[in-house]
Amino acid sequence: MSTVLATVGYSEAWWIQILKSLVIFIVGFSMVPLALMMDRKLMGRFQNRYGPNRVGPFGALQPMADIFKLLVKEQFRPRTSVGFLFAIAPAISIVTACVAFAIVPFGNTVDIFGTQVGLYGIDPSIGVLFAFAFSAIAVYGLMLGGWASGSKYSFLGAMRSAAQLISYEVSMGLSLVGVIITCGTLSLTQIVAHQDSAGMWLFIPQFVGFVVFMVAAFAETSRPPFDLPEADAELVAGYNTEYGGGRFASYYAAEYFHMVIASGIAVTMFFGGWLLPFGIDPPTWVDPIVVLVKLTLVIAIFVWVRATLPRLRYDQLMSLGWKVLLPLATANALVTAIIVTVK
Amino acid sequence: MSLEIKRWTPPGEDVIAVQRGPEPGGAGGLYRAFGETLRGLKTTFGRLVEGPIVYQYPEEKIPVYPRFRGRHKLHKFEDTGLEKCVGCSLCAAACPADCIRVVAAENEPDHRVSAGERYAAVYEINMSRCIFCGYCEVACPFDAITMGHDFELSDYNRDDLIFTKEMLLAEPLERTPLRSEDE
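As you go down the protein sequences, you meet chains A and B in turn. Using our numbering, the first residue of the first sequence is number 39, and each one after it goes up by one. Using our numbering, the first residue of the second sequence is number 2, and each one after it goes up by one.
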């Protein structure tokens, strides 16, 4: 194998890889309606109301109804739009989101009917950089979508989103450098293994990194208080102004998928992945459930923050990213590096 | 004309200084922002603990007050069964929205409808125009028309919102819960 390519920690037979990628895709994608539903129901509870409770038991079928409604709508396209790019841009968004989910580990390598299977899509040696690479490509989805719409609102929204995502990607990456230095590896499974052997989840020693990561994650997933890409009071709807129906649904799903991925990375990097606290060591089949529960709790934090904070002004967003988070993340990385070296 | 520069004098006792927060920015600002964010999170979490304070409207209705002005009712005398309305059209005259239409007719000895000389042959209220001001109720000399408590008056057709005399005389469905006196 060429040394330019990243090495993969453990690789199975091809049919297991296809099978498990399908399972992980289905599990990951069913987190999207869950996140959507949590978003609406929890938001309601935070505002002393119920949230949607009409479709199905406790409103549980609301996301299905939403998605169905969007899918049966007419595929509208502005006359000024660039056809091919207009159609492909939402696909880029959702595909990159799905690919990035592959690195979130749900457990270590386990023995299923005598076959060794890693409970993750892929465990490359570049680890979290893989996710950053794909979330950087996801910016193309927004940019192309906004530009190809042939509308000024879309274009302005796309510019704004791109600027925001690129700015916060820097702080997000740097906030994880502390974790990477502490563990001495980029591989997510090995980071969890390090937290296991250290006996401490990394959000305690890397608290500054954790806070910076979470703030940057809110901005990366364009969640409130950083939902400027869809600041409807100023921009109509941002880059997806001209989108409707299924294409809008894929943008929407990609947005929630990004939230799930960010939560997954946060769980793996800072909350010990599939580990349980207080030395509880359950059988391996519990591991994915532990990860999913932690994932849901982190998503709940996303919703909680959404219910609390108002949207930032654009210049505040930029100055927070470049003047506060970036120095903080850099200082955190430096201090961690010094401590690790001295130790 | 010369510009006179007033020297600053300390404000009197009646002047209240505006309370301003500390300047944003710096390490202190960052610390305060973090603290205030946590305070905000605590506030919203309190709402979560409180639980919803919502009426599930079509199933749960908020009781209306006794003097609530809803859909009109026309009345009959309880003993004789005659209509109270004598077709005087005072309600139509008082109506600022001009939504009441009354056509009066003479009572015949063999065909008595109301207690007076005349009765309302046609009595229509256009509910899509009515502003529920209650002036008709005030104008009526015989208390023949009063404001009821029903407010669910939506319909699919505008024509269906013109309530005829029979509809107004009929015992209302009373779908609206009423508050008790001391509530």
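A virtual CB, placed ideally from N, CA and C, is assigned to each residue, including glycine. Note that this is a predicted model, so its numbers are computed, not measured.
message: For A:HIS232, report the span of its alpha helix (DSSP H) as first-last.
response: Per DSSP, A:HIS232 belongs to the alpha helix (DSSP H) from 226 to 236.
Item to check | Same chain, Cβ closer than 6 angstroms to B:THR147, neighbours up to 5 away in sequence not counted | outcome: Within the same chain, B:THR147 has close Cβ partners LYS74, GLU138.
Can you look up A:SER163 in the DSSP assignment and give me helix, strand or coil? Three-state result, A:SER163: coil.
* To do: Determine, using beta carbons only, whether A:SER40 comes closer than 7 angstroms to chain B.
  => Note that A:SER40 scores a pLDDT of 48, beneath 50, so its modelled location is shaky and nothing firm can be said.
field: Residue from A:VAL133, A:MET210, A:THR118, A:ASP234 whose Cα sits closest to the Cα of A:PHE170
entry: In terms of CA proximity to A:PHE170, A:MET210 leads the group A:VAL133, A:MET210, A:THR118, A:ASP234.
Less than 7 angstroms between CB atoms is the rule here; does B:LEU39 satisfy it with respect to chain A? Not a single CB atom of chain A sits nearer than 7 angstroms to the CB of B:LEU39.
*Please state if the CB of A:ILE130 and the CB of A:TYR178 are separated by a distance shorter than 7 angstroms.*
Yes.
*Range of the contiguous alpha helix (DSSP H) that encloses A:GLN55*: For A:GLN55, the uninterrupted alpha helix (DSSP H) run begins and ends at 52 to 84, by DSSP.
Check your understanding: Residues of chain B with CB under 8 angstroms from A:THR346, in chain order?
Key -> Going along chain B in sequence order, the residues near A:THR346 (Cβ under 8 angstroms) are THR38, GLY41, LEU42, THR44, THR45.
Buried or exposed: A:ILE318, going by 16 or more other Cβ atoms within 10 Å of its Cβ?
-> That one is exposed.
*asked:* I want to verify the contact list: residues of chain A whose CB lies under 9 angstroms from the CB of B:ILE54, in sequence order.
replied: The contacting residues are ASN86, ARG87.
>> Give me, in chain order, the residues of the same chain whose beta-carbon lies closer than 7 angstroms to that of A:GLN228; leave out the 5 immediate sequence neighbours on both sides.
In response: The beta carbon of A:GLN228 sits closer than 7 angstroms to those of CYS221, all from its chain and outside the five residues before and after it, given in chain order.
- Query: Can you name the residues of chain B whose CB is closer than 7 angstroms to the CB of A:VAL362?
  - Reply: Within 7 angstroms Cβ-Cβ: LEU31.
Contact between the stretch 78 to 92 of chain A and the stretch 141 to 156 of chain A is defined here as three or more beta-carbon pairs at a separation below 8 angstroms; is this criterion met? Contact between the stretch 78 to 92 of chain A and the stretch 141 to 156 of chain A is absent, with fewer than three C-beta pairs closer than 8 angstroms.
Please classify A:MET39 as buried or exposed, where buried requires at least 16 other C-beta atoms within 10 Å of its C-beta.
Residue placement at A:MET39 cannot be trusted, given a pLDDT of 44 that sits under 50; what the coordinates show is reported in the next sentence. Exposed, since its Cβ has fewer than 16 Cβ neighbours within 10 Å.
- Task: Output yes if chain B places a C-beta closer than 7 angstroms to the C-beta of A:ARG92; else output no.
- Result: With a threshold of 7 angstroms between beta carbons, A:ARG92 makes no contact with chain B.
### Query
Would A:LEU182 be called buried (16 or more neighbouring beta carbons within 10 Å of its own) or exposed?
With 16 or more other Cβ atoms within 10 Å, it is buried.
Among B:GLU107, B:HIS112, B:SER129, B:CYS131, which one has its Cα closest to the Cα of B:ALA121? Answer by Cα proximity: B:GLU107.
Please work out which residues of its chain come closer than 6 angstroms, Cβ to Cβ, to A:HIS232, disregarding the five sequence neighbours upstream and downstream, and give them in chain order. If we look at A:HIS232 and ignore the five residues flanking it on each side, its Cβ neighbours are CYS221.
Does the Cβ of B:GLY13 have 16 or more other Cβ atoms within 10 Å, making it buried, or fewer, making it exposed? B:GLY13 should be labelled exposed.
*asked:* Can you tell me where the alpha helix (DSSP H) holding A:HIS296 begins and where it ends?
replied: Taken as a continuous stretch (DSSP letters only), the alpha helix (DSSP H) holding A:HIS296 covers 283 to 308.
**Study point:** Spatially closest choice to B:ASP161 from B:ASP80, B:ARG48, B:ALA34, B:ILE126, by CA coordinates
**Key:** Checked all of B:ASP80, B:ARG48, B:ALA34, B:ILE126; the closest Cα to B:ASP161 is B:ILE126.
Discussion item. Tell me the rounded alpha-carbon separation between A:PHE340 and A:ALA196.
Written reply: Rounded to the nearest whole angstrom, the CA to CA distance from A:PHE340 to A:ALA196 is 23 angstroms.
(Q) Check whether the stretch 42 to 52 of chain B and the stretch 372 to 380 of chain A touch, using three or more Cβ-Cβ pairs below 8 angstroms as the test. (A) When Cβ pairs closer than 8 angstroms are counted between the two stretches, the stretch 42 to 52 of chain B is seen not to touch the stretch 372 to 380 of chain A, the count staying below three.
Backbone CA spacing between A:ALA51 and A:PHE63 [nearest angstrom]: Spanning the two alpha carbons is a distance of roughly 18 angstroms.
Handout entry: B:TYR124 in three-state terms, based on DSSP
Key = Of the three classes helix, strand and coil, the one that applies to B:TYR124 here is strand, per DSSP.
Under 8 angstroms by beta carbon: chain B residues contacting A:ARG83:
Scanning chain B for C-beta atoms nearer than 8 angstroms to the C-beta of A:ARG83 yields ARG48, LEU49, GLY52, PRO53, reported in chain order.
Query raised in the report: By DSSP, does A:GLN154 sit in helix, in strand, or in coil?
Result: Reduced to three states, the DSSP call for A:GLN154 is strand.
4-residue-minimum alpha helix (DSSP H) runs that sit fully inside the stretch 12 to 55 of chain B, ordered along the chain: Fully enclosed alpha helix (DSSP H) runs of 4 or longer: 27 to 51.
Check: Taking the alpha carbon of A:GLY311 as the point to measure from, which residue in A:VAL46, A:ARG78, A:TYR158 has its own alpha carbon closest?
Finding: Answer by Cα proximity: A:TYR158.
Quiz item: Does the stretch 241 to 260 of chain A touch the stretch 10 to 24 of chain B, meaning 3 or more C-beta pairs lie closer than 8 angstroms?
Solution: The stretch 241 to 260 of chain A and the stretch 10 to 24 of chain B do not touch, with fewer than three beta-carbon pairs separated by less than 8 angstroms.
Just to confirm, is the Cβ distance from A:LEU355 to A:VAL250 under 7 angstroms?
Cβ atoms of A:LEU355 and A:VAL250: not closer than 7 angstroms.
### Task
Let me know if A:ARG13 comes out buried or exposed under the rule of 16 or more other beta-carbons within 10 Å of its beta-carbon.
Residue 13 of chain A lies beyond the range of chain A shown here (39 to 381); nothing can be said about it.
Would you list the one or two residues that DSSP bridges to B:VAL103?
DSSP lists B:TYR124 as the bridge partner or partners of B:VAL103.
Where B:PRO85 sits in the DSSP three-state scheme: Checking the sequence shown, residue 85 of chain B turns out to be Lys, not Pro. Coil at B:LYS85, not helix or strand.
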